[in-house]
Structure formats: C-alpha cells, structure tokens
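Which chain is which? The protein sequence lines are P and R, in order. Oh and the first sequence: position 77 is 77 in the numbering used here, straight run, nothing missing. Each number in the numbering used here corresponds to the 1-based position in the second sequence with 1000 added. Below is one structure; the comments refer to it alone.
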Amino acid sequence: DAKTTQPNSMESNEEEPVHLPCNHSTISGTDYIHWYRQLPSQGPEYVIHGLTSNVNNRMASLAIAEDRKSSTLILHRATLRDAAVYYCILRDKGGAQKLVFGQGTRLTINP
Amino acid sequence: EPEVTQTPSHQVTQMGQEVILRCVPISNHLYFYWYRQILGQKVEFLVSFYNNEISEKSEIFDDQFSVERPDGSNFTLKIRSTKLEDSAMYFCASSAQGWTVETQYFGPGTRLLVL
C-alpha cells in the first residue's frame, strides 16, 4: 500500500470547521483514499472514501486534489465527540483486503 | 444499526495460558478480520478470513494464533500460549464483501493483559 503522511496532531475549537490534511504523493491510479477514525477507547470507525471526485456524507467531506497527491478531510462543524485519531489510508482497487493504519492525526477539540 | 460485538471486553491471563477472544460479526457479512493495537502504537492487521479459510495473514500471525468460525455467528481468535508481548487491544472487524472499497466495521475490542 502506498504511503500517506499526516500531521501528528491538530487542535480546533468546538463548532468550527476542521481541515485534516493527508499527503500521498506516490498514490497510484487505482488507489482509493479512505478515512477512518478512532474515538478514545473504541475501535476504528469508517468516515469516508473517494477516488477522484470530492465526496460528502453525513459525517464529513473529502476534498481530493486534482493531481490526487493530497486530500483533506473536512469536518464542517466539529463537536467534542469528534475528538479522535484520524487515519488516512490508501487502498488499491485490486489489492489486499486489509487496512494498513499509520499513526494518524490526533484531533483535539476545545470547548 | 447492526454492529460488531466482542467478548470479553477485558481479559487477564497468565503467560503461557491459552485465550480465546470472541466476536460476533454483522450478520450478513462474509469477510472477517482481526487487528491488534499495542498500547500507544498503531493498529496492526493480523488476519483476514473468508469462506472458512484464512485469506491473508501478517507476520505477527504465527503458529500461536488461530482463527475459527465455529458456527454461523461467532468468529474467534485463539492464542495458544500467550506471551507478555501479546498484551494489546484486539479488534474484530467484518465487511460485506472483500473489495477494497468495502467498509470494514470494527468491534469495541478486547483488552488482553498477559501477566
């Protein structure tokens, strides 16, 4: 699986938007960009995924750069419950089923 | 919403003892996984399972580990002779299909402490 780079930590305030970046300069044409998060003392949880176009769901938005070498997970209005470690993971369309987690970004939300 | 469940939530065992961690995947899912997370470290893949066979395993998943789907609902991870370094959170996950775009749904984990 291609490598991703994320900041170790980020901090934001409640009810403000949060932009979590991920660099994946070696991404291949068949790699999907997935985001999972891990709330404290819980298992990882799917957030969103995309291939080329920006994606929206009830949890977040995913903005993918035109060259696909980077992406940004956007939480439109962070709440205290969004405090978690966020993982950006590349998954090859024809590749293994396993998820390969990096260190992720630890997001702290201030009240 | 359907969810993956795991039992027990916590398990303490003596080094050398066998442990079985249990998972009930989401009912219509076909692919099952075990991951572990040592305290303060990354989540690591152990094994994936489909159609009553291991489809992929990591180098961590050595002969001390085994998985089984003993009935239509449970998925188990057995560690035959636990070591201190097996202390970790163990997460079970399942997905409807094995495609890489498929979401994996994780359970809450079992915290294993080997003394």
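The beta-carbon is built from N, C-alpha and C at its ideal position, and this holds for glycine as well.
7 angstroms Cβ cutoff, P/P44 in contact with chain R: Here residue 44 of chain P refers to the residue found at position 44 of the first sequence. Among the CB atoms of chain R, one or more fall inside 7 angstroms of the CB of P/P44.
Cβ shell of P/G94 (< 8 angstroms), same chain only, five flanking positions each side left out: Taking the first sequence and counting its residues from 1, one reaches residue 94 of chain P at position 94. Same-chain partners within the cutoff: T30.
CB contact below 7 angstroms: P/Y86 versus chain R: Residue 86 of chain P sits at position 86 when you count from the first residue of the first sequence. P/Y86 does not count as touching chain R.
Per-residue DSSP class, three states only, for P/E11: Counted from its first residue, the first sequence places residue 11 of chain P at position 11. Note: P/E11 maps to strand in three-state DSSP.
Bridge partner(s) assigned by DSSP for R/T1110: Locating residue 1110 of chain R in the second sequence gives position 110, where the first residue counts as 1. Paired residues: R/Y1090.
is_contact[P/Q6, chain R] using C-beta, thresh 7 angstroms: For the purposes of this step, residue 6 of chain P is identified with residue 6 of the first sequence, where counting begins at 1. By this cut-off, P/Q6 is not an interface position.
Per-residue burial, P/V100 [other beta carbons within 10 Å of its own, 16 or more giving buried]: Residue mapping note: residue 100 of chain P aligns to position 100 of the first sequence, counting from 1. It counts as buried.
Chain-order list of residues whose beta-carbon lies under 6 angstroms from that of P/Y87 (same chain, five-residue window excluded): Working through the first sequence from its first residue, we reach residue 87 of chain P at position 87. Y36, F101, G104, listed in sequence order.
Supposed contact pair R/I1079 and R/Q1064 - C-beta distance, whole angstroms, cut 8 angstroms: Within the second sequence, numbered from 1, the residue matching residue 1064 of chain R stands at position 64. Within the second sequence, numbered from 1, the residue matching residue 1079 of chain R stands at position 79. That belief holds up - the Cβ atoms of R/Q1064 and R/I1079 are roughly 6 angstroms apart, short of 8 angstroms.
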